[in-house]
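2 protein chains.
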Amino acid sequence: MLIYKEIKMKKKKVDLEDLFELSEFFKFFGDSTRIRIIEFLREGEQSVLAIANYLEMGQSAISHQLRILRMANLLTFRREGKAIYYRLDDEHVEKIFQLGLEHILHKRGK
Amino acid sequence: MLIYKEIKMKKKKVDLEDLFELSEFFKFFGDSTRIRIIEFLREGEQSVLAIANYLEMGQSAISHQLRILRMANLLTFRREGKAIYYRLDDEHVEKIFQLGLEHILHKRGK
DNA sequence: TTTATATATGAGCATTTGTTCACATATTCA
DNA sequence: TGAATATGTGAACAAATGCTCATATATAAA
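Chains as they are written, first to last, in this note's numbering: chain A, 1 to 110; chain B, 111 to 220.
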């Protein structure tokens with residue numbers, strides 16, 4: 001019976017707590033501003049103003065979103081003079097971004 | 111110069127429209143009820159009531175969320191008598207769930 | 001056909017979320 | 001030191017979201 005389960009590759013039950021955390025994790029990707037920031041940072045670190053200009057949004061709005069991503073440990077930053085440069089800080093972030101992108105592009109046959 | 115870009119594996123710019131759609135896609139995973147439904151359905155199809163009982167939530171709340179996942183083409187369903195059985199309808203859904211799960215488990219060293 | 005069971009859905013409501021605005025903090029330069 | 005530039009953050013507000021309640025629809029059973 002154990003062997004049967006192994007053969008079937010039965011999915012392991014996930015703790016309720018982990019599922020809550022998982023949905024919280026995906027929330028970071030579920031906002032267009034944040035996903036655009038992530039996309040931009042895939043090319044390398046960028047300052048806050050550079051991000052704001054790229055997205056054509058206010059600096060404050062960007063700072064608020066960067067804070068969210070930073071506190072989730074998805075970004076790191078370094079200061080250089082007056083500017084602060086943010087960069088992606090998690091290999092999973094890029095992988096998940098890429099997988100999601102493949103999904104929607106595949107879905108529409110791109 | 112083209113070769114240089116290829117060697118660097120420069121990330122392709124993603125259309126703004128695609129980024130909006132991508133964030134919409136991740137929103138489906140960014141809710142604890144929906145992620146719990148997805149987790150439950152990884153084991154195979156389940157009726158609405160079975161899902162509601164498993165999550166210990168009302169049938170209406172589950173139906174509302176199933177509708178959202180269904181309209182996103184993440185689920186299919188079949189009727190059998192009075193019951194309707196839902197199942198995952200997208201290989202990407204499981205992959206993204208799995209990758210996200212690996213992320214949070216890795217992050218806490220499980 | 002009436003009753004029971006399973007699911008779907010619109011309206012209402014409370015909560016969450018993202019942006020803007022005003023202002024605070026930090027660094028550089030004159 | 002004072003002005004300019006870059007970034008951070010709390011409050012307020014509007015929009016989006018998810019649940020509950022009541023009710024509609026569909027199928028099966030009596």
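Don't be surprised by glycine CBs; every beta carbon is placed ideally from N, CA and C.
Closest residue to residue i among the options (Cα-Cα distance)
i: residue 192(B); options: 136(B), 137(B), 159(B) and 121(B); result: 159(B)
i: residue 34(A); options: 55(A), 19(A) and 17(A); result: 55(A)
i: residue 42(A); options: 75(A), 102(A) and 109(A); result: 75(A)
i: residue 140(B); options: 212(B), 219(B), 206(B) and 215(B); result: 206(B)
i: residue 210(B); options: 194(B), 127(B), 149(B) and 123(B); result: 149(B)
i: residue 123(B); options: 37(A), 47(A) and 18(A); result: 37(A)
i: residue 44(A); options: 32(A), 20(A) and 77(A); result: 77(A)
i: residue 68(A); options: 86(A), 79(A) and 80(A); result: 86(A)
i: residue 201(B); options: 212(B), 190(B) and 183(B); result: 183(B)
i: residue 138(B); options: 203(B), 125(B), 189(B) and 121(B); result: 203(B)
i: residue 133(B); options: 47(A), 32(A) and 79(A); result: 32(A)
i: residue 88(A); options: 71(A), 20(A), 109(A) and 11(A); result: 71(A)
i: residue 11(A); options: 215(B), 129(B) and 208(B); result: 208(B)
Sequence-distant residues of its chain with Cβ nearer than 6 angstroms to residue i (five each side left out)
i: residue 107(A); result: none
i: residue 17(A); result: none
i: residue 189(B); result: none
i: residue 105(A); result: none
Beta-carbon contacts of residue i that lie in its chain and below 8 angstroms, excluding the five residues immediately before and after
i: residue 162(B); result: 168, 169, 171 and 172
i: residue 157(B); result: 193, 194, 195 and 196
i: residue 65(A); result: 31, 33, 34 and 37
Endpoints, alpha helix (DSSP H) assigned at residue i
i: residue 95(A); result: 91-107
CB contact check: residue i to chain B, cutoff 9 angstroms
i: residue 68(A); result: no
i: residue 89(A); result: no
i: residue 24(A); result: yes
i: residue 30(A); result: yes
i: residue 62(A); result: no
i: residue 14(A); result: yes
i: residue 109(A); result: no
i: residue 2(A); result: With a pLDDT of 47 at residue 2(A), under the threshold of 50, the predicted position of this residue should be treated as unreliable, though the coordinate-derived value follows. It does not: the Cβ of residue 2(A) has no partner Cβ on chain B nearer than 9 angstroms.
i: residue 102(A); result: yes
Closer than 9 angstroms to chain A by CB, residue i
i: residue 189(B); result: no
i: residue 183(B); result: yes
i: residue 192(B); result: no
i: residue 159(B); result: no
i: residue 155(B); result: no
i: residue 168(B); result: no
i: residue 115(B); result: The pLDDT assigned to residue 115(B) is 45, lower than 50, so where the model puts this residue is not dependable; a value taken from the coordinates is nonetheless given after this. No, because no Cβ of chain A sits closer than 9 angstroms to the Cβ of residue 115(B).
Same chain, Cβ closer than 7 angstroms to residue i, neighbours up to 5 away in sequence not counted
i: residue 213(B); result: none
Uninterrupted beta strand (DSSP E) stretches inside the stretch 13-86 of chain A (no shorter than 3 residues): 75-80
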